[in-house]
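S.K.:
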Amino acid sequence: MKRNNLSKNIILKKINYNLGIPNSFSKKILNLLLEIIVEGLNRDGKVKLSGFGTFKILNKKSRIGRNPKTKVEYQIKARKVVTFLPSYLTKKEINKKKLV
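The sequence shown lines up with residues 12 to 111 when you count with this note's numbering.
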């Protein structure tokens with residue numbers, strides 16, 4: 012099954028095509044948007060984009076992991092992970108598309 016990843020380049024091409032602006036300008040816009048989201052996460056622990064969803068930082072505790080092949084245990088360090096909770100509108104839009 013082929014993976015269809017949405018890369019920054021694909022997003023940039025869509026911005027360029029739809030707005031008719033140069034690639035360098037759309038690249039600055041996209042990078043600024045991503046930078047704002049990361050800054051908000053670092054500052055507040057969450058970023059809400061109305062009508063789209065909420066990015067949130069969760070703190071994972073350290074734990075013992077196990078290699079399933081060798082059964083060797085090892086310590087997994089505590090870390091932060093970013094989660095995304097889609098808004099009602101985003102869920103509704105996704106669920107109205109038919110899956111093949």
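Ideal Cβ placement from N, Cα and C applies to all residues, glycine included. All values derive from a computational prediction rather than experimental measurement.
Helix, strand or coil for residue 94, going by three-state DSSP, please let me know.
M.R.: Residue 94 falls in the strand class under three-state DSSP.
S.K.: What are the residues that DSSP puts in a beta bridge with residue 75?
M.R.: For residue 75, which the question treats as bridged, DSSP gives the partners 86.
S.K.: Residue range of the beta strand (DSSP E) that residue 59 falls in?
M.R.: Here the beta strand (DSSP E) through residue 59 covers 57-60.
S.K.: Residue 71: which of 61, 25, 89, 65 sits nearest, CA to CA?
M.R.: Of the candidates 61, 25, 89, 65, the one whose C-alpha sits nearest the C-alpha of residue 71 is 89.
S.K.: Using only the heavy atoms of the ligand ATP, determine whether one of them is closer than 7 Å to the beta carbon of residue 46.
M.R.: No copy of the ligand ATP appears in this structure; indeed no ligand is present at all.
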